[in-house]
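Visitor: Got a structure here, written out as structure tokens. Questions coming.
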Amino acid sequence: MATEIACASGIHTLPIEILAEISRYTESLDLCALRLTCRAMYQSSLHHFAQTFIRTLKTDLSPNSLVRVEEAAKDEIFGPCVRKLKIGRNSNCCLGPCIPDITSKEAYTQSWRDVMRRLVNCRSFELQYSTYTTPHPDGDGIVLDEATGLVLDAISTEQIPMESFSIEILNYRDRTRQDNPTQFGIATFGIPTFSQLKELSLMIPDAEPKTINWMAKTIQSTRSLRKLGILFNWNCKSTSLLSQLSSVGCLPELQDLTFSRMSFESSAALGMFLYNIRNSLRSITFARVELEAGGWRSLLHGLSGGVYLLDRLVLHRVLEPNMFVSFRNVPEYALKNMSIDRRLLRTYQMCYFDRMDVGFSYSGSNFNDVVRRVAALAESP
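Heads up: the sequence shown at position 83 corresponds to 753 in our numbering, and the numbers run straight through without jumps.
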């Protein structure tokens, strides 16, 4: 009798609207436990569960994974909750088959277009650990694996209201071991039009001319960009990229800039680029960036001249020809092995450092005075 009364008067007998409201006030672990109690609690907490946990959809580029992504995108509850689509390595440590095992490449590309259309609230796209080969002498930039190329083709031909876009093309694949797959030169893709894009991260190893041109056009198309990160192979000469981005009116809202593993022939070119975005720029990070002899001192003097409104500056393992610049004489930053700087200066997971590194970071008041002092005390090679 007591059991029957409890079943008839338990919390699960409340209206589903009240149960849904109760679930909104539960912590993550409690919410998962609540959903396991009975079918009524499972159903009533479904919307809140989806809004809490289904913000990022992770997958790889294999055909089987595409089927699962399509199912999630079609779901009336889970689909609208997805805010970020993240494509990474599968269990075999790759993005997927070099040649998709499906009836046609057109069908594969169209399937990804349909997924992006159905994920109506997805505003962030991240593609990690893509493979590439070096370009042919007369080719169209670095060559991507076929699965990655087909997905980029789907993105570049769709008007997707993205706010964040990130692509990492870092894994080298020997050209002689590819069994003659279809060649997807990155410069053959149309420039994705992201009118609402706020964050852009391009991690691309080869800075040959056609790849640089594709990157520049992609960046120039983002008129509302606020955060930009570019990672090259550290010895890639990147002055030509700056020359294309230094036009007046380019990147009018950029606030956060990160350059990593880049080389510039002249600090004047880098200074001109920074000067053109001075009104909006608030944070700069340079990691393993190389300038000419004396270039860093010149650049720091420019940044401390009073025309910038910077709040934060990070210099991590910056170089002048083949040698790191030292900031060990700056008294405010002793750079001990376990100093706070060493935890802050790891901009990307690919920027490794050891105990012999030197660097500098600052954010706070009297910014110009501090940077001016750093410029005077920095030790060139």
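Cβ atoms here follow ideal geometry from the backbone N, Cα and C, with glycine treated the same way.
None of these values were measured; they are calculated from a predicted model.
#1: Between 988, 855, 794 and 706, which lies nearest to residue 928 when the distance is taken from Cα to Cα?
#2: Is residue 734 buried or exposed, if buried means 16 or more other CB atoms sit within 10 Å of its CB?
#3: What whole-angstrom Cβ distance do residue 931 and residue 956 have, given they're in contact under 8 Å?
#4: What three-state label does DSSP hand residue 978 in the structure shown?
#5: Could you check what DSSP says for residue 775 in three-state terms: helix, strand or coil?
#6: Under the rule that 16 or more other beta-carbon atoms within 10 Å means buried, what is residue 824, buried or exposed?
#7: Where residue 813 and residue 855 are concerned, what is the direct C-alpha to C-alpha distance, given to the nearest angstrom?
#8: Assuming residue 967 and residue 1050 make a contact with CB atoms under 8 Å, what is their CB distance in whole Å?
#9: Taking residue 714 as the reference, which of 925, 1036, 871 and 696 has the closest Cα?
#10: Which residue's Cα is closest to the Cα of residue 1037: 727, 704 and 983?
#11: Closest to residue 920 by C-alpha separation, out of 896, 1039, 723 and 890, would be which residue?
#12: Whole angstroms are fine: how far does the CA of residue 833 sit from the CA of residue 949?
#13: On the three-state DSSP scale, how would you describe residue 827?
#14: Within 10 Å of its beta-carbon, does residue 1034 have 16 or more other beta-carbons around it, so buried, or fewer, so exposed?
#15: Would you kindly work out how many angstroms separate the C-alpha atoms of residue 1048 and residue 986, rounded to a whole number?
#16: At the level of alpha carbons, what is the spacing between residue 962 and residue 937?
#17: Less than 7 Å between C-beta atoms, sequence neighbours within five positions excluded: which residues of the same chain meet that for residue 781?
#18: Measure the Cβ-Cβ separation of residue 911 and residue 874 and say whether it is below 8 Å.
#19: Below 6 Å CB to CB, which residues in the same chain sit around residue 798 once its five sequence neighbours on both sides are set aside?
Guide: Taking the structure as given:
#1: Position 258 of the sequence shown holds residue 928. Answer by Cα proximity: 988.
#2: Translated into positions along the sequence shown, residue 734 becomes position 64. Answer is exposed; the Cβ neighbour count stays below 16.
#3: The residue labelled residue 931 in the question sits at position 261 within the sequence shown. The residue labelled residue 956 in the question sits at position 286 within the sequence shown. Contact flag wrong, Cβ pair sits at about 10 Å.
#4: Position 308 of the sequence shown, counted from the first residue, corresponds to residue 978. Three-state result, residue 978: coil.
#5: Counting from 1 along the sequence shown, the entry for residue 775 is found at position 105. For residue 775, the three-state secondary structure derived from DSSP is helix.
#6: Residue 824 sits at position 154 when you count from the first residue of the sequence shown. With 16 or more other Cβ atoms within 10 Å, it is buried.
#7: Within the sequence shown, the letter at position 143 stands for residue 813. Within the sequence shown, the letter at position 185 stands for residue 855. Each residue's Cα considered, the two are about 4 Å apart.
#8: Here residue 967 corresponds to residue number 297 of the sequence shown, with the count starting at 1. Here residue 1050 corresponds to residue number 380 of the sequence shown, with the count starting at 1. About 7 Å; that satisfies the 8 Å criterion.
#9: As a position in the sequence shown, residue 714 is number 44, starting the count at 1. Of the listed residues, the one whose Cα sits closest to residue 714 is 696.
#10: The residue labelled residue 1037 in the question sits at position 367 within the sequence shown. Among 727, 704 and 983, the Cα nearest to that of residue 1037 belongs to 983.
#11: In the sequence shown, residue 920 corresponds to position 250, counting from 1. Ranking the options by Cα distance to residue 920, first place goes to 890.
#12: Within the sequence shown, the letter at position 279 stands for residue 949. Within the sequence shown, the letter at position 163 stands for residue 833. So the two alpha carbons sit approximately 22 Å from each other.
#13: What you label residue 827 is simply residue 157 of the sequence shown in a count that begins at 1. Residue state, collapsed to three classes: coil.
#14: For this step, residue 1034 is matched to residue 364 along the sequence shown. The residue in question, residue 1034, is exposed, as its Cβ has fewer than 16 Cβ neighbours within 10 Å.
#15: On the sequence shown, residue 1048 is found 378 positions in, with the first residue counted as 1. On the sequence shown, residue 986 is found 316 positions in, with the first residue counted as 1. Distance between the alpha carbons of residue 1048 and residue 986 is about 13 Å.
#16: Counted from its first residue, the sequence shown places residue 962 at position 292. Counted from its first residue, the sequence shown places residue 937 at position 267. The straight-line gap from Cα to Cα measures roughly 7 Å.
#17: On the sequence shown, position 111 is the one that residue 781 refers to. Counting only Cβ-Cβ distances below 7 Å, and skipping sequence neighbours, we find 736 and 740.
#18: For the purposes of this step, residue 911 is identified with residue 241 of the sequence shown, where counting begins at 1. For the purposes of this step, residue 874 is identified with residue 204 of the sequence shown, where counting begins at 1. It is not a contact, given that the beta carbons lie outside the stated cut-off.
#19: Translated into positions along the sequence shown, residue 798 becomes position 128. Hits under 6 Å: 758 and 838.
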